[in-house]
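Here's the structure, in C-alpha coordinates; my notes come after.
Numbering (the working numbering), first residue to last: 11 to 418.
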(Lines of atoms letter the chains of each structure in order from A; the text may use other names.)
(Lines give C-alpha, C1' and ligand atoms only; values in the text may rest on other atoms or scores of the structure.)
Protein backbone atom coordinates (compact mmCIF):
# COMPACT_ATOMS: atom_id res chain seq x y z
CA UNK A 11 0.00 0.00 0.00
CA UNK A 12 1.36 3.42 -0.91
CA UNK A 13 2.24 5.93 1.81
CA UNK A 14 -0.05 8.89 1.14
CA UNK A 15 1.53 10.98 3.88
CA UNK A 16 4.90 10.59 2.19
CA UNK A 17 3.41 11.31 -1.24
CA UNK A 18 1.73 14.44 0.09
CA UNK A 19 5.20 15.94 0.58
CA UNK A 20 5.55 16.05 -3.22
CA UNK A 21 2.65 18.54 -3.42
CA UNK A 22 3.70 21.86 -1.91
CA UNK A 23 0.23 23.38 -2.37
CA UNK A 24 -1.19 20.95 0.20
CA UNK A 25 1.10 22.32 2.91
CA UNK A 26 -0.97 25.38 3.76
CA UNK A 27 -3.70 26.61 6.06
CA UNK A 28 -7.15 27.49 4.75
CA UNK A 29 -9.29 29.42 7.22
CA UNK A 30 -6.65 28.59 9.87
CA UNK A 31 -7.07 24.86 9.25
CA UNK A 32 -4.72 22.46 7.41
CA UNK A 33 -5.97 22.09 3.86
CA UNK A 34 -7.79 18.88 2.96
CA UNK A 35 -8.18 18.90 -0.81
CA UNK A 36 -11.11 16.71 -1.92
CA UNK A 37 -11.95 18.30 -5.27
CA UNK A 38 -9.76 16.02 -7.35
CA UNK A 39 -12.49 15.17 -9.85
CA UNK A 40 -12.39 18.83 -10.90
CA UNK A 41 -8.60 18.98 -11.08
CA UNK A 42 -5.70 17.37 -9.28
CA UNK A 43 -2.79 19.18 -7.68
CA UNK A 44 0.63 19.03 -9.32
CA UNK A 45 3.68 17.30 -7.84
CA UNK A 46 7.01 19.09 -7.71
CA UNK A 47 8.39 16.98 -10.58
CA UNK A 48 5.72 18.37 -12.92
CA UNK A 49 6.38 21.96 -11.88
CA UNK A 50 10.11 21.40 -12.33
CA UNK A 51 9.60 19.91 -15.80
CA UNK A 52 7.60 22.97 -16.88
CA UNK A 53 10.18 25.36 -15.47
CA UNK A 54 13.08 23.44 -17.02
CA UNK A 55 11.49 23.55 -20.47
CA UNK A 56 10.91 27.30 -20.35
CA UNK A 57 14.33 28.02 -18.83
CA UNK A 58 16.50 25.76 -20.99
CA UNK A 59 14.65 24.29 -24.00
CA UNK A 60 11.97 26.80 -25.03
CA UNK A 61 11.55 26.47 -28.80
CA UNK A 62 8.94 25.38 -31.31
CA UNK A 63 8.74 21.73 -32.30
CA UNK A 64 9.16 19.99 -35.65
CA UNK A 65 10.31 23.22 -37.32
CA UNK A 66 13.95 23.91 -36.52
CA UNK A 67 17.33 22.23 -36.76
CA UNK A 68 18.94 24.25 -33.97
CA UNK A 69 19.70 22.56 -30.67
CA UNK A 70 16.83 24.00 -28.63
CA UNK A 71 14.28 23.04 -31.28
CA UNK A 72 15.68 19.53 -31.48
CA UNK A 73 15.56 19.13 -27.70
CA UNK A 74 12.00 20.47 -27.48
CA UNK A 75 10.85 18.19 -30.31
CA UNK A 76 12.51 15.18 -28.71
CA UNK A 77 10.76 15.81 -25.38
CA UNK A 78 7.41 16.48 -27.05
CA UNK A 79 7.44 13.24 -29.03
CA UNK A 80 8.84 11.31 -26.06
CA UNK A 81 5.77 12.42 -24.12
CA UNK A 82 3.52 11.00 -26.82
CA UNK A 83 5.31 7.65 -26.62
CA UNK A 84 5.16 7.68 -22.83
CA UNK A 85 1.39 8.26 -22.92
CA UNK A 86 0.99 5.49 -25.50
CA UNK A 87 2.86 3.10 -23.21
CA UNK A 88 0.86 4.26 -20.17
CA UNK A 89 -2.49 3.43 -21.79
CA UNK A 90 -1.01 0.47 -23.70
CA UNK A 91 -1.83 1.75 -27.17
CA UNK A 92 -0.42 -0.23 -30.08
CA UNK A 93 1.46 2.79 -31.39
CA UNK A 94 2.18 6.41 -30.55
CA UNK A 95 0.43 7.20 -33.85
CA UNK A 96 -2.81 6.50 -31.97
CA UNK A 97 -2.15 9.30 -29.45
CA UNK A 98 -3.26 12.81 -30.43
CA UNK A 99 -2.59 15.88 -28.31
CA UNK A 100 -5.68 18.06 -27.87
CA UNK A 101 -6.77 20.85 -25.51
CA UNK A 102 -8.60 18.52 -23.11
CA UNK A 103 -11.24 15.81 -22.78
CA UNK A 104 -13.93 18.16 -24.08
CA UNK A 105 -11.95 18.88 -27.24
CA UNK A 106 -11.19 15.19 -27.72
CA UNK A 107 -14.86 14.23 -27.51
CA UNK A 108 -15.85 17.05 -29.85
CA UNK A 109 -13.34 15.78 -32.38
CA UNK A 110 -14.84 12.29 -32.23
CA UNK A 111 -18.26 13.75 -33.01
CA UNK A 112 -16.75 15.36 -36.10
CA UNK A 113 -15.81 11.86 -37.22
CA UNK A 114 -19.33 10.75 -36.36
CA UNK A 115 -20.61 13.49 -38.64
CA UNK A 116 -18.84 11.70 -41.50
CA UNK A 117 -20.61 8.44 -40.61
CA UNK A 118 -24.11 9.25 -39.34
CA UNK A 119 -27.17 9.62 -41.54
CA UNK A 120 -30.83 10.37 -40.82
CA UNK A 121 -32.42 7.62 -38.74
CA UNK A 122 -29.17 6.41 -37.19
CA UNK A 123 -28.83 6.40 -33.40
CA UNK A 124 -26.20 7.44 -30.87
CA UNK A 125 -26.42 5.82 -27.43
CA UNK A 126 -25.16 7.56 -24.30
CA UNK A 127 -26.05 7.21 -20.62
CA UNK A 128 -27.90 9.64 -18.39
CA UNK A 129 -24.83 9.90 -16.14
CA UNK A 130 -22.65 11.57 -18.78
CA UNK A 131 -20.77 14.83 -18.32
CA UNK A 132 -22.13 17.61 -20.53
CA UNK A 133 -18.99 17.26 -22.68
CA UNK A 134 -20.22 13.79 -23.65
CA UNK A 135 -23.79 14.91 -24.31
CA UNK A 136 -23.86 18.33 -25.97
CA UNK A 137 -21.49 17.45 -28.85
CA UNK A 138 -23.67 14.43 -29.61
CA UNK A 139 -26.81 16.58 -29.46
CA UNK A 140 -25.24 18.88 -32.02
CA UNK A 141 -24.13 16.17 -34.42
CA UNK A 142 -27.53 14.46 -34.19
CA UNK A 143 -29.26 17.73 -35.04
CA UNK A 144 -26.97 18.15 -38.06
CA UNK A 145 -27.31 14.62 -39.40
CA UNK A 146 -30.86 13.69 -38.43
CA UNK A 147 -29.63 10.95 -36.11
CA UNK A 148 -31.36 10.28 -32.79
CA UNK A 149 -29.76 10.56 -29.35
CA UNK A 150 -30.82 7.67 -27.08
CA UNK A 151 -30.18 7.35 -23.33
CA UNK A 152 -29.45 4.33 -21.16
CA UNK A 153 -30.51 4.72 -17.53
CA UNK A 154 -29.46 3.49 -14.10
CA UNK A 155 -30.14 0.67 -11.68
CA UNK A 156 -28.95 0.73 -8.06
CA UNK A 157 -26.78 3.78 -8.68
CA UNK A 158 -24.94 2.43 -11.69
CA UNK A 159 -25.44 1.77 -15.38
CA UNK A 160 -28.34 -0.58 -16.12
CA UNK A 161 -26.66 -3.04 -18.45
CA UNK A 162 -29.99 -4.63 -19.40
CA UNK A 163 -31.32 -1.25 -20.49
CA UNK A 164 -28.12 -0.56 -22.42
CA UNK A 165 -28.28 -3.90 -24.22
CA UNK A 166 -31.95 -3.41 -25.11
CA UNK A 167 -31.26 0.01 -26.60
CA UNK A 168 -28.44 -1.28 -28.79
CA UNK A 169 -30.13 -1.79 -32.15
CA UNK A 170 -29.04 -2.07 -35.78
CA UNK A 171 -29.64 1.70 -35.92
CA UNK A 172 -26.97 2.34 -33.26
CA UNK A 173 -23.76 3.62 -34.85
CA UNK A 174 -21.96 5.14 -31.82
CA UNK A 175 -22.04 4.41 -28.10
CA UNK A 176 -20.31 7.01 -25.93
CA UNK A 177 -19.92 6.42 -22.19
CA UNK A 178 -17.95 7.58 -19.19
CA UNK A 179 -15.55 4.99 -17.83
CA UNK A 180 -16.15 6.44 -14.34
CA UNK A 181 -19.03 8.77 -13.50
CA UNK A 182 -17.88 12.16 -12.22
CA UNK A 183 -20.89 12.20 -9.85
CA UNK A 184 -21.77 8.63 -8.93
CA UNK A 185 -18.24 7.28 -9.00
CA UNK A 186 -19.46 4.04 -10.56
CA UNK A 187 -17.02 2.19 -12.81
CA UNK A 188 -18.65 1.08 -16.04
CA UNK A 189 -17.64 -2.36 -17.42
CA UNK A 190 -16.14 -1.02 -20.63
CA UNK A 191 -14.67 -4.32 -21.84
CA UNK A 192 -18.06 -6.04 -21.51
CA UNK A 193 -19.77 -3.08 -23.17
CA UNK A 194 -17.25 -3.13 -26.03
CA UNK A 195 -18.19 -6.72 -26.83
CA UNK A 196 -21.87 -5.77 -27.04
CA UNK A 197 -21.21 -2.65 -29.07
CA UNK A 198 -18.91 -4.28 -31.59
CA UNK A 199 -21.19 -7.30 -31.98
CA UNK A 200 -23.78 -4.75 -33.00
CA UNK A 201 -21.41 -3.14 -35.53
CA UNK A 202 -21.13 0.19 -33.69
CA UNK A 203 -18.21 2.29 -32.43
CA UNK A 204 -17.44 2.70 -28.71
CA UNK A 205 -16.22 6.05 -27.40
CA UNK A 206 -15.00 6.29 -23.79
CA UNK A 207 -14.73 9.42 -21.66
CA UNK A 208 -11.76 8.46 -19.52
CA UNK A 209 -11.36 11.75 -17.65
CA UNK A 210 -12.30 10.21 -14.29
CA UNK A 211 -10.63 6.82 -14.78
CA UNK A 212 -7.17 7.76 -16.07
CA UNK A 213 -5.88 9.01 -12.66
CA UNK A 214 -7.45 6.19 -10.65
CA UNK A 215 -7.29 2.90 -12.59
CA UNK A 216 -4.77 1.00 -14.71
CA UNK A 217 -5.82 1.63 -18.32
CA UNK A 218 -5.25 -0.78 -21.20
CA UNK A 219 -7.08 0.50 -24.27
CA UNK A 220 -6.36 -2.68 -26.20
CA UNK A 221 -7.89 -4.84 -23.48
CA UNK A 222 -10.86 -2.48 -23.14
CA UNK A 223 -11.17 -2.62 -26.94
CA UNK A 224 -12.69 0.86 -27.14
CA UNK A 225 -12.43 2.68 -30.44
CA UNK A 226 -11.71 6.08 -28.87
CA UNK A 227 -10.58 7.07 -25.37
CA UNK A 228 -10.43 10.71 -24.21
CA UNK A 229 -8.82 12.27 -21.15
CA UNK A 230 -7.16 15.40 -19.75
CA UNK A 231 -3.70 16.00 -18.31
CA UNK A 232 -4.89 18.20 -15.47
CA UNK A 233 -7.00 15.45 -13.91
CA UNK A 234 -3.94 13.17 -13.70
CA UNK A 235 -1.52 15.59 -12.00
CA UNK A 236 -0.41 17.27 -15.22
CA UNK A 237 -0.89 20.81 -16.57
CA UNK A 238 -4.15 22.40 -17.68
CA UNK A 239 -4.87 23.01 -21.35
CA UNK A 240 -3.76 19.61 -22.64
CA UNK A 241 -5.75 16.50 -23.44
CA UNK A 242 -5.37 13.21 -25.24
CA UNK A 243 -7.49 11.52 -27.84
CA UNK A 244 -6.63 7.88 -28.34
CA UNK A 245 -8.13 6.29 -31.43
CA UNK A 246 -7.57 3.00 -33.19
CA UNK A 247 -5.16 3.66 -36.02
CA UNK A 248 -7.48 2.43 -38.76
CA UNK A 249 -10.20 4.83 -37.58
CA UNK A 250 -7.85 7.80 -37.30
CA UNK A 251 -6.84 7.21 -40.91
CA UNK A 252 -10.53 7.54 -41.87
CA UNK A 253 -11.04 10.63 -39.72
CA UNK A 254 -10.64 13.96 -41.47
CA UNK A 255 -8.49 16.69 -39.88
CA UNK A 256 -10.46 19.00 -37.58
CA UNK A 257 -8.28 22.11 -37.65
CA UNK A 258 -6.11 23.44 -40.44
CA UNK A 259 -2.93 25.49 -40.61
CA UNK A 260 0.77 25.11 -40.07
CA UNK A 261 2.41 21.89 -38.94
CA UNK A 262 -0.34 19.49 -40.03
CA UNK A 263 0.32 19.88 -43.74
CA UNK A 264 2.53 17.89 -46.08
CA UNK A 265 2.42 20.38 -48.97
CA UNK A 266 0.31 23.42 -49.78
CA UNK A 267 -0.63 24.37 -53.32
CA UNK A 268 -2.54 27.50 -54.33
CA UNK A 269 -5.90 25.74 -54.41
CA UNK A 270 -5.37 22.62 -52.27
CA UNK A 271 -3.17 20.97 -49.69
CA UNK A 272 -2.13 17.52 -48.53
CA UNK A 273 -1.82 16.37 -44.93
CA UNK A 274 0.87 14.77 -42.87
CA UNK A 275 0.35 11.26 -41.57
CA UNK A 276 -0.78 10.23 -38.11
CA UNK A 277 -0.88 11.72 -35.58
CA UNK A 278 0.34 15.09 -36.87
CA UNK A 279 -2.51 15.71 -39.32
CA UNK A 280 -4.67 16.51 -36.27
CA UNK A 281 -2.21 18.91 -34.59
CA UNK A 282 -2.42 22.22 -36.44
CA UNK A 283 -0.40 25.18 -35.21
CA UNK A 284 2.01 25.44 -32.32
CA UNK A 285 0.97 22.79 -29.79
CA UNK A 286 1.02 22.99 -26.00
CA UNK A 287 4.65 21.88 -25.84
CA UNK A 288 5.14 22.67 -22.17
CA UNK A 289 1.90 20.87 -21.37
CA UNK A 290 3.08 17.71 -23.13
CA UNK A 291 6.38 17.81 -21.26
CA UNK A 292 4.55 18.36 -17.98
CA UNK A 293 2.23 15.47 -18.77
CA UNK A 294 5.24 13.23 -19.37
CA UNK A 295 6.50 14.10 -15.90
CA UNK A 296 3.08 13.31 -14.42
CA UNK A 297 2.89 9.97 -16.23
CA UNK A 298 6.38 9.02 -15.07
CA UNK A 299 5.38 9.97 -11.53
CA UNK A 300 2.32 7.72 -11.67
CA UNK A 301 4.32 4.88 -13.22
CA UNK A 302 6.86 5.06 -10.40
CA UNK A 303 4.06 4.72 -7.84
CA UNK A 304 2.09 2.14 -9.84
CA UNK A 305 -1.54 2.46 -10.88
CA UNK A 306 -2.54 -0.75 -9.11
CA UNK A 307 -1.18 0.82 -5.91
CA UNK A 308 -3.15 4.00 -6.59
CA UNK A 309 -6.32 2.00 -7.22
CA UNK A 310 -5.89 -0.04 -4.02
CA UNK A 311 -5.21 3.06 -1.93
CA UNK A 312 -8.27 4.92 -3.17
CA UNK A 313 -10.43 1.81 -2.76
CA UNK A 314 -9.32 1.71 0.87
CA UNK A 315 -10.35 5.34 1.36
CA UNK A 316 -13.79 4.74 -0.17
CA UNK A 317 -14.36 1.61 1.91
CA UNK A 318 -13.28 3.53 5.01
CA UNK A 319 -15.44 6.61 4.57
CA UNK A 320 -18.70 5.22 3.17
CA UNK A 321 -19.89 3.64 6.46
CA UNK A 322 -19.01 6.85 8.32
CA UNK A 323 -21.06 8.93 5.90
CA UNK A 324 -23.98 6.50 6.04
CA UNK A 325 -24.00 6.87 9.82
CA UNK A 326 -24.77 10.60 9.57
CA UNK A 327 -28.50 11.10 10.05
CA UNK A 328 -30.12 12.96 7.16
CA UNK A 329 -27.24 12.39 4.74
CA UNK A 330 -28.12 10.90 1.34
CA UNK A 331 -25.44 9.19 -0.75
CA UNK A 332 -25.66 8.80 -4.53
CA UNK A 333 -24.10 5.98 -6.50
CA UNK A 334 -23.40 2.28 -5.93
CA UNK A 335 -23.87 1.00 -2.39
CA UNK A 336 -20.88 -1.34 -2.49
CA UNK A 337 -17.49 0.42 -2.31
CA UNK A 338 -15.93 -2.06 -4.74
CA UNK A 339 -18.29 -0.77 -7.45
CA UNK A 340 -17.07 2.81 -7.33
CA UNK A 341 -13.90 4.86 -7.73
CA UNK A 342 -12.94 7.69 -5.40
CA UNK A 343 -15.92 9.96 -6.13
CA UNK A 344 -18.69 10.39 -3.55
CA UNK A 345 -21.70 12.69 -4.02
CA UNK A 346 -24.08 13.41 -1.16
CA UNK A 347 -26.63 15.82 0.28
CA UNK A 348 -27.66 16.72 3.81
CA UNK A 349 -31.34 17.21 4.61
CA UNK A 350 -32.40 20.82 5.01
CA UNK A 351 -29.09 22.24 3.83
CA UNK A 352 -28.30 23.54 0.36
CA UNK A 353 -25.17 21.91 -1.11
CA UNK A 354 -23.50 25.29 -1.62
CA UNK A 355 -24.05 26.17 2.04
CA UNK A 356 -22.64 22.84 3.15
CA UNK A 357 -19.61 23.21 0.87
CA UNK A 358 -19.00 26.70 2.27
CA UNK A 359 -19.21 25.36 5.81
CA UNK A 360 -16.72 22.62 4.94
CA UNK A 361 -14.37 25.22 3.49
CA UNK A 362 -14.44 27.06 6.84
CA UNK A 363 -12.96 23.84 8.25
CA UNK A 364 -10.27 23.71 5.55
CA UNK A 365 -11.99 20.96 3.54
CA UNK A 366 -12.25 21.66 -0.20
CA UNK A 367 -15.14 19.94 -2.01
CA UNK A 368 -17.31 20.69 -5.02
CA UNK A 369 -20.97 21.72 -4.87
CA UNK A 370 -23.30 22.07 -7.83
CA UNK A 371 -24.55 20.00 -10.75
CA UNK A 372 -21.03 18.90 -11.75
CA UNK A 373 -21.77 19.45 -15.46
CA UNK A 374 -24.22 16.55 -15.27
CA UNK A 375 -27.67 18.15 -15.22
CA UNK A 376 -29.49 15.27 -16.97
CA UNK A 377 -28.21 12.94 -14.24
CA UNK A 378 -29.22 15.24 -11.40
CA UNK A 379 -32.65 15.72 -12.97
CA UNK A 380 -32.95 11.93 -13.15
CA UNK A 381 -32.01 11.77 -9.45
CA UNK A 382 -34.54 14.55 -8.74
CA UNK A 383 -31.99 16.90 -7.17
CA UNK A 384 -30.65 20.24 -8.39
CA UNK A 385 -27.18 19.92 -6.87
CA UNK A 386 -25.00 17.74 -4.64
CA UNK A 387 -21.81 18.03 -2.65
CA UNK A 388 -19.00 15.95 -4.14
CA UNK A 389 -15.88 14.73 -2.38
CA UNK A 390 -13.31 13.15 -4.67
CA UNK A 391 -10.12 11.44 -3.61
CA UNK A 392 -6.63 10.97 -4.99
CA UNK A 393 -3.34 9.30 -4.19
CA UNK A 394 -2.33 12.02 -1.70
CA UNK A 395 -5.47 11.75 0.42
CA UNK A 396 -5.47 9.84 3.70
CA UNK A 397 -7.87 8.30 6.20
CA UNK A 398 -7.23 11.39 8.31
CA UNK A 399 -8.61 13.47 5.44
CA UNK A 400 -11.71 11.27 5.48
CA UNK A 401 -12.12 11.88 9.21
CA UNK A 402 -11.72 15.62 8.69
CA UNK A 403 -14.50 15.55 6.09
CA UNK A 404 -16.86 13.63 8.37
CA UNK A 405 -16.10 15.88 11.33
CA UNK A 406 -16.68 18.99 9.21
CA UNK A 407 -20.06 17.67 8.02
CA UNK A 408 -21.10 16.96 11.60
CA UNK A 409 -20.04 20.46 12.69
CA UNK A 410 -22.01 22.00 9.83
CA UNK A 411 -25.04 19.88 10.69
CA UNK A 412 -24.89 20.96 14.33
CA UNK A 413 -24.43 24.63 13.44
CA UNK A 414 -27.23 24.82 10.89
CA UNK A 415 -29.62 22.79 13.03
CA UNK A 416 -29.12 25.40 15.71
CA UNK A 417 -29.96 28.24 13.34
CA UNK A 418 -32.92 26.73 11.48
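Idealized CB from N, CA, C, for every residue including glycine. Being a predicted model, the structure only gives us computed values, none of them experimental.
Taking residue 104 as reference, the option from 257, 148, 126, 133 with the minimal CA-CA separation is 133. As for any alpha helix (DSSP H) of minimum length 4 sitting wholly inside the segment 119–170, the runs are 136–145, 161–167, ordered along the chain. Around the CB of residue 353, 16 or more other CB atoms lie within 10 Å, so the residue is classed as buried. For residue 267, no beta strand (DSSP E) encloses it, and the DSSP letter there is neither H nor E.
In this structure, residue 207 lies near residue 229, with their beta-carbon atoms less than 9 Å apart. From the listed residues 235, 264, 137, 124, the smallest Cα separation to residue 112 is found for 137. Residue 182 and residue 39 do touch by the CB rule: their CB atoms are close to 5 Å apart, below 8 Å.
Residue 173 sits in a strand when the DSSP states are folded into three classes. For residue 292, the uninterrupted alpha helix (DSSP H) run begins and ends at 287–303, by DSSP. Here the segment 400–412 makes no contact with the segment 53–66; the two share fewer than three CB pairs at distances below 8 Å. Put simply, of 212, 198, 129, 26 the residue whose alpha carbon is nearest the alpha carbon of residue 306 is 212. Taking each of 315, 70, 277, 158 in turn and checking the Cα distance to residue 398, the smallest one comes out for 315. Between residue 292 and residue 395, the alpha-carbon positions lie close to 22 Å from each other.
Taken in chain order, the whole beta strand (DSSP E) runs of length 3 or more contained in the segment 198–270 are 203–207, 226–230, 241–245, 263–266.
Contact between residue 150 and residue 125 holds, with the beta-carbon distance rounding to 5 Å and staying under 8 Å. Contact between the segment 185–201 and the segment 161–173 is present: 3 or more CB-CB pairs across the two stretches fall below 8 Å. The segment 249–256 makes no contact with the segment 337–345; the number of CB pairs closer than 8 Å stays below 3. Separation of the CB atoms of residue 277 and residue 98 is rounded to 5 Å, and the pair is thereby assigned contact status at 8 Å. Here residue 326 carries a coil assignment [DSSP, helix/strand/coil].
Secondary structure of residue 61 (DSSP, three-state): coil.
Judged by beta-carbon spacing, residue 345 lies within the 9 Å limit of residue 332, meaning their Cβ atoms are closer than that value. Annotation for residue 330: 346, 347 place their beta carbon closer than 7 Å to its own, counting only its chain and skipping 5 residues before and after.
When the beta-carbon positions are compared, residue 114 and residue 203 come within less than 9 Å of each other. Less than 9 Å divides the Cβ of residue 360 from the Cβ of residue 406.
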